[in-house]
Amino acid sequence: MSFFLQFMIDVLSLGGAYALMALGLVIVYGILRLVNFAYGELIMVAGYTMYLTSGSGLPWLVMAAVAVLMAIMAGIATDYIAFRPVRAKSVTAVLITSFAFSTLLQNAALLFISPRPRNVPLPEIFSETVQFAGVITPARNLITIATAVVMLGLFSWLMRHTVLGIAMRAAATNFTMARMLGVPANLIISSAFAISGLLAGVVSMLWIGRVGAVVPGVGLEPLLIAFIATVIGGMRSLQGAVLGGFLLAFMDITLNFTLPQDLLKFRDAFTFSLVILILLWRPQGLIRGPASGQRT
Amino acid sequence: MTKKTYALMAAGLATLLFAAPANAASDEILIGGALSLTGIQAPLDTPGFNGAQVAVKALNDAGGLLGKKVKFVNIDGKSDPVTVGNVAVELIDKGAELMVAPCDFDFGGPASREAQSAGLVGISTCASDPLYSSWSLGDKQFTLSMWNTTMGATAADYALKERGWKTAYVVTDQFIAYTKSLSKYFVEHFKAIGGEIILEDTYTNGDNDFSAQLSRLQALGKKPDVIFISSYGTDIAVMIRALREVGYDAPVLGGDSYDDPAIHEALGKKLGNDVYFVTHTWMGPEAHPDMPKFIQLYKDMYGEAPDTSFVATGWDTIMLMAEAVKMAGTTDGAAVAKALEEGEFKLLTGDLSYKDADGGHAPDKAAVLVELKGGTPSFLGWRRPETIPNP
Chain A
50 MSFFLQFMID VLSLGGAYAL MALGLVIVYG ILRLVNFAYG ELIMVAGYTM
100 YLTSGSGLPW LVMAAVAVLM AIMAGIATDY IAFRPVRAKS VTAVLITSFA
150 FSTLLQNAAL LFISPRPRNV PLPEIFSETV QFAGVITPAR NLITIATAVV
200 MLGLFSWLMR HTVLGIAMRA AATNFTMARM LGVPANLIIS SAFAISGLLA
250 GVVSMLWIGR VGAVVPGVGL EPLLIAFIAT VIGGMRSLQG AVLGGFLLAF
300 MDITLNFTLP QDLLKFRDAF TFSLVILILL WRPQGLIRGP ASGQRT
Chain B
4 MTKKTYALMA AGLATLLFAA PANAASDEIL IGGALSLTGI QAPLDTPGFN
54 GAQVAVKALN DAGGLLGKKV KFVNIDGKSD PVTVGNVAVE LIDKGAELMV
104 APCDFDFGGP ASREAQSAGL VGISTCASDP LYSSWSLGDK QFTLSMWNTT
154 MGATAADYAL KERGWKTAYV VTDQFIAYTK SLSKYFVEHF KAIGGEIILE
204 DTYTNGDNDF SAQLSRLQAL GKKPDVIFIS SYGTDIAVMI RALREVGYDA
254 PVLGGDSYDD PAIHEALGKK LGNDVYFVTH TWMGPEAHPD MPKFIQLYKD
304 MYGEAPDTSF VATGWDTIML MAEAVKMAGT TDGAAVAKAL EEGEFKLLTG
354 DLSYKDADGG HAPDKAAVLV ELKGGTPSFL GWRRPETIPN P
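Protein chains in written order, with my numbering: chain A, 50 to 345; chain B, 4 to 394.
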């Protein structure tokens, strides 16, 4: 029983972080049909903001709020710098500019801060443990689960019950039609980037909280995870992204538990084989999402 | 932009173009470097690069080498084996006569292979996997570092013979040859001297998640006397943090990849205790009488004291090359390699002598033990294992 509980906590906490990562990527993809390759750098920006504000003596929560705010601003900046100027012209151009923006941010961190890891402050509670029902687990895992639940709840309410959310869903289904009915395109897209930045900022706190340090390449792994999770779940579906995140975490941890030592080093090969099987069975991903309109 | 600026840029470009062949001029010895200043390798290579710069300046201030000025040109290898190889080719084309290769077999190997095929001596600043040998790279390739055979045996000796820790839990990161072979030699030696391994587990670099490994350890139902973790970069902090959080407070042992202040800071006062690691040297007069002199030169150049012993690997690599070139009287690859095989060198990272090419250029070298207490490292002393495992 306690083993099962431990397993569930591990899956839910890792899956919660993965789901938030995937959601941040898919929210932009849903509307623009373009993967934002600078997404990982939003996580990096939040991490370095924590590092830079660490000497200020502010309470941790204030620093975290500033870091998340910076990630949101970086998200909006991605739209203004990399997407908006070339959005209407060519898909390839946007792909390249989003890569360029990603490289630019990474190299800025390399040049102006350091290629070596930099320390970020963590609150006391991140290093504490909780014991219940025969399970000892870091409090951080439970915080991650709680944060994921709150963020997903908030996000789902936003998408269903606010004008912005409904407009965004309309834009994701058929952008041209939505625009004809008076939905302002730029505002919707900027909002999507802002939400993407918010999710990246929150994920950053949880992800970097596992290490206690930030490096210029810190966003690569989350970007990859988010990408795979959305591919499994369905590139067009918000629910799919969340499902994909949890499923990927479930596969990773189950394989970590069950594979014999000799095979464990090939775990990623097993994970990706499973991903391929899922895609053979469901080429569109697990959840199909709205019928695909033309890219605008 | 005005015409004038264009003209200036063109002039600058021209200088660059024409300056390149001038490197090979006879009044200069060009040492090429493919050290990675960015990417996962940067924490180990950047300090080495800084140390090498100090050494080159010191050499030139003392009159150069064979009456010539020494010039060190490093092009960022970007922690990418292919880039490292390309960079090495570019440097050889520019007239490099010696090659400084990045740490570790996976990243440094390509630079050494290019040096070997051009007939040049290549020395890695801190590659410790025994694959970094003349057997696999060629008869003109060396590493400044001790091999993992020494590093693993030193850790095992310290645990069992000095501290009496009899049972070990070993985690191996599957990242590169270095992380894999360090565990292998630790386990081999620890068993050979009578220790018991209660569990061996693996980790994938970048996972950022240690929960499955923790569950396996918890399922075992017994606590180890010592925990040996062979990993790379900040993942070390992730694992130590995860273990400490759920109550595994046994001492943690590891290799030279722990010698990075970022890891010490990431662990902090609370978790950075009872951590021991084997590394190249210690940045204080206790380690070597010449260390304060080096630290002063380093401060003069960079305005701050070095924060890891990897700076000494860069200094030593350049000084080792200079010593061997002096003995050989030339920069010719075969002659310098012979001088390295025959000589005995007194370095900041310990006394060093190499076996011949048939012996793999195995380095005979002592190691330094460092303890982490309250997130701050302290020097425990030099160690030289009586026996080491066969590579």
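Built from N, CA and C at the ideal position, the CB exists for glycine as well.
Please read all numbers here as calculations on a predicted model, not as lab measurements.
Per DSSP, the continuous beta strand (DSSP E) segment holding residue 279(B) begins and ends at 278-282. Nearest Cα to residue 144(B) within the set 361(B), 389(B) and 386(B): 361(B). Looking from the CA of residue 64(A), the closest CA among 312(A), 305(A), 325(A) and 292(A) belongs to 292(A). Relative to residue 312(B), the option among 50(B), 165(B) and 289(B) whose CA is nearest is 50(B).
Nearest neighbour of residue 247(B) by Cα position, chosen from 303(B), 230(B), 300(B) and 370(B), turns out to be 230(B). For residue 61(A), the enclosing alpha helix (DSSP H) starts and ends at 51-81.
Within the model, the alpha-carbon separation for residue 292(B) versus residue 198(A) is close to 59 Å. Cβ-Cβ distances below 7 Å link residue 73(B) to 32, 34, 59, 62, 63 and 67 in the same chain, with the five nearest sequence neighbours on each side left out; the list follows chain order. Legend: CB atoms of the segment 337-356 of chain B lying less than 8 Å from CB atoms of chain A are not found in any residue. Membership of residue 77(B) in the beta strand (DSSP E) is indicated by the continuous run 72-77.
Its chain contains 62, 65, 66 and 255 as the residues whose beta carbon lies nearer than 7 Å to that of residue 193(A), once the 5 sequence neighbours on both sides are disregarded; these appear in chain order. For residue 297(A), the closest Cβ of chain B is not nearer than 9 Å. Excluding the 5 residues flanking it on each side, residue 89(A) has same chain C-beta neighbours closer than 6 Å at 268, 269, 271 and 272, in chain order. Between the C-alpha atoms of residue 120(A) and residue 345(B) there is a straight-line separation of about 58 Å.
Taking C-beta separations shorter than 6 Å and ignoring five residues to either side along the sequence, residue 129(A) has no partners in its chain. Judged by their CB atoms, residue 316(A) and residue 308(A) are nearer to each other than the 9 Å cut-off. Non-local beta-carbon contacts of residue 149(B) in its own chain, meaning distances under 7 Å to residues more than five positions away in sequence, involve 131, 366, 368 and 370 in chain order. Looking from the CA of residue 241(B), the closest CA among 219(B), 354(B), 124(B) and 206(B) belongs to 206(B).
By the neighbour-count criterion, in which a residue is buried when 16 or more other Cβ atoms sit within 10 angstroms of its Cβ, residue 111(A) is exposed. Using a Cβ distance threshold of 9 Å, residue 178(B) and residue 155(B) do not count as a contacting pair. In terms of beta-carbon proximity, residue 302(A) lines the interface with chain B, with at least one pair separated by less than 9 Å.
Listed by position along chain B, the residues whose Cβ is nearer than 9 Å to that of residue 218(A) form an empty set, because the closest Cβ is around 32 Å away. Straight-line measurement puts the Cα of residue 275(B) at about 21 Å from the Cα of residue 210(B).
Exclusion of the five residues before and after residue 287(B) leaves 294 and 382 as the residues of its chain whose Cβ lies within less than 7 Å of its Cβ. Among the CB atoms of chain B, none fall inside 9 Å of the CB of residue 152(A).
Using a Cβ-Cβ cut-off of 9 Å, residue 176(A) is close to 244, 247, 248, 271, 273 and 274 of chain B, given in chain order. In chain order, 79, 81 and 82 place their CB closer than 7 Å to the CB of residue 41(B), counting only its own chain and leaving out the 5 sequence neighbours on each side. Rounded to whole angstroms, residue 279(A) and residue 357(B) show a C-alpha spacing of 53 Å. With a beta-carbon spacing of about 6 Å, residue 217(B) and residue 245(B) fall inside the 8 Å limit used to define contacts. Residue 125(B) sits in a strand when the DSSP states are folded into three classes. In its chain, beyond the 5 residues on either side, 297 and 324 have a beta carbon closer than 7 Å to the beta carbon of residue 277(A). For the segment 30-58 of chain B, the set of positions with a beta-carbon nearer than 8 Å to some beta-carbon of chain A reads 40, 41, 42, 43, 45, 46 and 49 in chain order. Shown here, residue 264(A) sits in coil according to DSSP, grouped into three states, outside any helix or strand.
Chain B has a Cβ within less than 9 Å of the Cβ of residue 52(A). Its chain contains 30, 31 and 32 as the residues whose beta carbon lies nearer than 7 Å to that of residue 71(B), once the 5 sequence neighbours on both sides are disregarded; these appear in chain order. For the segment 189-209 of chain B, the beta-carbon criterion of a distance under 8 Å to any beta-carbon of chain A is satisfied by 203, 204, 205, 207 and 209.
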